Every structure is written in structure tokens, then in C-alpha cells.
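K.L.:
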Amino acid sequence: MLEPLADLLKTILREVIAEELQRALAEHNGKLAVLLFDTEQAAVMLKLPSSWVASAARRGEIPCVRCGHHIRFKVSDLQQFIEKKKEPK
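Heads up: the sequence shown begins at 1 in our numbering, then just goes up one per residue.
Structure representation (C-alpha cells):
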């Protein structure tokens with residue numbers, strides 16, 4: 001019974017975080033390239049499940065920075081990943 005509510009809250013939180021990330025990027029004109037995102041933050045930016053982002057990083061599909069067992073992502077690398085995945089018009 002609480003599961004649909006939890007899913008709704010997760011969706012709303014993801015949307016709010018994505019909006020805040022986009023606002024921060026726009027506010028700083030992309031100068032957040034040194035900022036490192038964790039897997040969940042990168043997933044929100046890409047609008048993908050965090051498990052997919054973590055797996056893609058392990059496979060080498062998305063560039064990442066490894067700190068021990070922790071994985072971090074540069075905003076500029078995520079933006080490049082998005083550009084590479086765009087379909088031609």
C-alpha cells in the first residue's frame with residue numbers, strides 16, 4: 001500500500017534534484033566541471049537508474065573517477081556522454 005507512495009516520492013525527488021542540477025549548471029555556465037557527482041546524482045542528471053549508471057561506469061561506457069570502491073563522475077564527462085549518445089537529426 002505504501003509502495004506506490006514511495007515510488008511517487010522518489011519520482012518527485014528525482015525531478016527536483018534534476019531541476020536543481022540544471023539550474024546550478026546554467027547559473028555557473030558549465031563551470032562546475034571540477035565538481036564530482038556520485039552515482040545517484042549522475043543518474044538524476046542522465047534520468048537513468050543509478051544501477052545502470054554504475055554498471056555502465058564499470059563497463060567503461062561512462063568515464064568516471066575511482067576513489068577506492070567509490071565511483072564519481074565529472075559533469076563535463078556526463079555532458080560529453082550525452083552528446084555522444086544523441087541521435088542524428
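Note that beta-carbon positions come from the ideal geometry of N, C-alpha and C, so glycine has one too.
The structure displayed is predicted, hence computed values, not measured ones.
Would you kindly work out how many angstroms separate the C-alpha atoms of valine 75 and proline 4, rounded to a whole number?
P.N.:
Computed Cα separation, rounded: 32 Å.
K.L.:
From leucine 9 to phenylalanine 81, what does the alpha carbon distance come to, in whole angstroms?
P.N.:
Looking at the two C-alpha atoms, the distance is approximately 28 Å.
K.L.:
Span of the alpha helix (DSSP H) holding glutamate 84?
P.N.:
Checking the displayed sequence, the identity of residue 84 turns out to be lysine instead of glutamate. Start and end: 75-85.
K.L.:
Helix, strand or coil for leucine 13, going by three-state DSSP, please let me know.
P.N.:
Here leucine 13 sits in helix by DSSP.
K.L.:
Relative to the alpha-carbon of isoleucine 12, which residue among Arg23, Ala42, Lys47, Arg66 has its alpha-carbon at the smallest distance?
P.N.:
Closest by alpha carbon: Lys47.
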